[in-house]
Amino acid sequence: MTDRYADYERLLVRPAPDGVYTVVLGPGRETLSVDARLHAELATIWDDLDRDPDVSVVLVEGPNDDGFLFGGSLPLAQELVASSAARFRMMEEHRRFVLGMVGCAKPIVSAVRGRAVGEGTVIALMSDISIVGPGTTLLDRHVPMGVVAGDHAALVWPLLTSMAKAKYHLLLGKELDGEEAERIGLVSRVVPDVEVRDEARSVAAALAASPPDAVRWTKKTLNSWYQPAVPAFDASLAVEVLGFAGDDFAAVVDRLAAAAPEAGA
């Protein structure tokens with residue numbers, strides 16, 4: 000393995016002889032929430048993996064079986080309220096994050112156990128193949144937080160499921176378990192919770208053993224369906240950033256800060 004991934008602090012990249020590179024989200028951290036560093040790394044990792052000639056398939060896993068990845072941390076939310084520079088940085092990073100997954104020629108497989116919220120839901124739904132368990136929880140909570148569901152929803156939800164289901168879950172901030180997510184078409188397959196990692200690894204190994212050009216160009220041509228929705232995605236990101244500067248989001252962040260354990264110390 001080269002030192003290509005040595006600078007990543009919030010992502011652990013594990014190589015394998017068959018070309019299946021595993022990306023572990025937030026290893027060794029006490030929290031699964033996304034801080035500024037992790038968000039920045041999610042913007043660059045897909046391009047780095049795409050350029051790595053030793054990578055055939057990307058497998059994404061959470062650090063443990065209790066959770067995959069959550070949304071933004073409280074300090075990150077407070078920074079977004081306070082700083083226009085942070086808001087524009089977030090918008091650019093998130094565009095690179097989502098479109099980086101779409102544009103990565105290597106297939107991306109996700110093994111999603113436990114809760115996947117915010118960026119965790121983005122990775123699960125933007126993966127080319129997503130394996131979940133019945134106990135998996137998917138949640139996009141942007142609207143309850145006072146901002147537009149702008150980080151991937153307009154690009155992918157109506158295409159994976161239906162506009163009716165997309166609006167129901169996004170406007171109300173309704174969570175889904177793994178079985179419901181599979182039923183409405185948001186994820187590829189649901190298997191027993193204890194089998195999620197093994198099944199995802201089996202899928203990744205099968206892809207790595209397949210003719211690489213056929214796999215990569217099939218992904219590319221299928222992902223061309225996303226292209227007409229990119230303007231809607233860009234618009235959603237822009238109005239999401241406006242929401243980060245708004246009163247509704249600031250009020251929610253203040254309530255979260257007041258309820259945080261350290262607030263009562």
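Each residue of the sequence shown is one higher than the one before, counting from 0 in numbering that gives the first Met the number 0.
Beta carbons are placed, not taken as given, at the ideal position from N, Cα and C, and that holds for glycine.
Check: Whole-number beta carbon distance between residue 32 and residue 72, since they are thought to touch under 8 Å; Outcome: 4 Å
Check: Local Cβ density within 10 Å of residue 201, reported as buried at 16 or more and exposed below that; Outcome: exposed
Check: Terminal residues of the beta strand (DSSP E) in which residue 20 lies; Outcome: 19 to 24
Check: Cβ-Cβ distance between residue 90 and residue 251 below 8 Å; Outcome: no
Check: Alpha carbon of residue 105 to alpha carbon of residue 25, nearest angstrom; Outcome: 22 Å
Check: Test item: CB-CB of residue 128 and residue 195 under 8 Å; Outcome: no
Check: Cβ-Cβ separation, residue 121 to residue 141 (assumed contact under 8 Å), whole Å; Outcome: The Cβ separation is near 11 Å, so there is no contact.
Check: Residue 120 - partner residues in DSSP beta bridges; Outcome: Paired residue(s): none; residue 120 is not in a bridge.
Check: Nearest to residue 79 (by Cα), restricted to the options 259, 255, 242, 258; Outcome: 242
Check: Chain-order list of residues whose beta-carbon lies under 7 Å from that of residue 54 (same chain, five-residue window excluded); Outcome: 18, 20, 48, 105
Check: In DSSP terms, what residue 138 is bridged to; Outcome: 116
Check: C-beta atoms of residue 56 and residue 199 nearer than 8 Å; Outcome: no
Check: C-alpha distance - residue 3 paired with residue 115, whole-angstrom precision; Outcome: 27 Å
Check: Selection from 148, 214, 13 that minimises the alpha carbon distance to residue 167; Outcome: 148
Check: Nearest neighbour of residue 123, chosen from 253, 188, 204 [CA to CA]; Outcome: 188
Check: Selection from 135, 191, 169 that minimises the alpha carbon distance to residue 145; Outcome: 169
Check: Under the three-state DSSP convention, the category residue 175 falls into; Outcome: strand
Check: Three CB pairs or more closer than 8 Å across the segment 95 to 109 and the segment 214 to 232; Outcome: yes
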